[in-house]
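Residue numbers (our numbering): 329 to 427. Where is the CB? At the ideal position from N, CA and C, for every residue including glycine. Treat the numbers as computed from the prediction; the structure is a model and nothing was measured. Report on the structure given below.
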């Protein structure tokens, strides 16, 4: 039970981290639309927690929807798809920088 509790706590911490970095943290999504009513006090906690819960919902939705990949599928994708793509990208960026 502690393992699953730690996993969900990690999901929530990642949600708070993502909301702080990319979604404006405790700032209201309405900005100054209502005269700054949503920008002080407990509203700040409400906004960051609601954004984190939305991120957790998105993470759980993706995890439950997409199938798990086997090790051989991951190795095939890494070596046969992503590595040539990375080398092609490096080559194209180098070519672009020369032009």
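Whole angstroms are fine: how far does the CA of residue j sit from the CA of residue i?
i	j	result
residue 344	residue 368	18 Å
residue 404	residue 359	46 Å
residue 332	residue 393	19 Å
residue 415	residue 408	12 Å
residue 400	residue 391	20 Å
residue 410	residue 420	15 Å
residue 417	residue 423	10 Å
residue 398	residue 377	34 Å
residue 335	residue 389	15 Å
residue 426	residue 342	40 Å
residue 350	residue 329	31 Å
residue 412	residue 371	48 Å
Looking at the unbroken alpha helix (DSSP H) that takes in residue i, where does it start and where does it end?
i	result
residue 417	411-426
residue 360	No alpha helix (DSSP H) contains residue 360, which DSSP labels as neither H nor E.
residue 343	330-350
residue 379	370-393
residue 402	399-404
Would you mind giving the Cβ-Cβ distance between residue i and residue j, rounded to the nearest angstrom? I have them listed as a contact below 8 Å.
i	j	result
residue 347	residue 383	6 Å
residue 375	residue 356	6 Å
Check each candidate in the options and name the one with the smallest Cα separation from residue i.
i	options	result
residue 353	337, 330, 380	380
residue 339	371, 385, 406	385
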